[in-house]
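One point on numbering: in this note's numbering, the residue at position 110 of the sequence shown is 120, and numbering is uninterrupted.
The structure appears right after this line, and notes come after that.
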Amino acid sequence: MTVNLIKVCVGVTSIEQLRSEQERRLIGGPLCHVTKQRPQREEEVLDGGSLYWIIKGNIAVRQKITELQHLYDPEGEKCGLILDPELVETELVKRGPHQGWRYLEEKDAPRDLRDLVEEANEDEDSEGELSPEMAAELRELGLI
């Protein structure tokens, strides 16, 4: 069974900014996000799990977690989340801030935006598409 992680993307205000920063970091090798705690549910995370990023109060994008590394510094052991470089945009889902990462069950994870676009294209009776921001507001109000 797959489980995901969710984390606030501190200092980042847009998906484009995250993409730009990560492209620069890719020059030095694989993307590694360092955390203090190692997930105890390691097998479930590595079974197709992703790191969902909260940007400006919304879950907005995810990256597949490909590996967990043991890292060490003067403060002790850390965990390196090795991330796939592909940023997959998701439907915007309101989420409050928290420290560190949290588990995000697969059933609670927002859907990929590309899947939603495909569904909308297949639905011939659709009267138009909502912007991601409008869809997030309507979801928050319980209207969709």
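By construction, the Cβ of each residue, glycine as well, lies at the ideal position given by its N, Cα and C atoms.
Just to confirm, does residue i get its C-beta within under 6 Å of one of the non-hydrogen atoms of the ligand ATP?
i, result
"residue 98", "Although the ligand ATP was asked about, the structure shown includes no ligands whatsoever."
My output table needs one value for residue i: the three-state DSSP class, helix, strand or coil.
i, result
"residue 155", "A question about residue 155 goes unanswered here, because the residues of the chain that appear run from 11 up to 154."
Can you give the Cα-Cα distance for residue i and residue j, rounded to whole angstroms?
i, j, result
"residue 100", "residue 120", "6 Å"
"residue 95", "residue 126", "22 Å"
"residue 158", "residue 51", "The chain is shown from 11 up to 154; residue 158 falls before or after that span and cannot be answered."
"residue 28", "residue 22", "6 Å"
"residue 110", "residue 65", "14 Å"
"residue 73", "residue 97", "5 Å"
"residue 13", "residue 146", "23 Å"
"residue 75", "residue 49", "12 Å"
"residue 117", "residue 148", "20 Å"
"residue 181", "residue 58", "With the chain represented from 11 up to 154, any question about residue 181 goes unanswered, as that position is not in the structure."
Can we say the stretch 34–49 touches the stretch 82–92, given the rule of at least three CB pairs closer than 8 Å? Yes: the two stretches touch, three or more of their Cβ pairs being nearer than 8 Å.
Residue ranges of each alpha helix (DSSP H) run of no fewer than 4 residues wholly in the stretch 12–43, ordered along the chain? Positions of the alpha helix (DSSP H) runs, each at least 4 residues long and wholly inside the stretch 12–43, are given as 25–36 in order along the chain.
Runs of alpha helix (DSSP H) lying entirely within the stretch 52–131, each at least 4 residues, in chain order: As far as the stretch 52–131 is concerned, its whole alpha helix (DSSP H) runs of at least 4 residues are 52–55.
Three or more C-beta pairs closer than 8 Å, one from the stretch 77–86 and one from the stretch 28–38: is that the case here? The stretch 77–86 is not in contact with the stretch 28–38.
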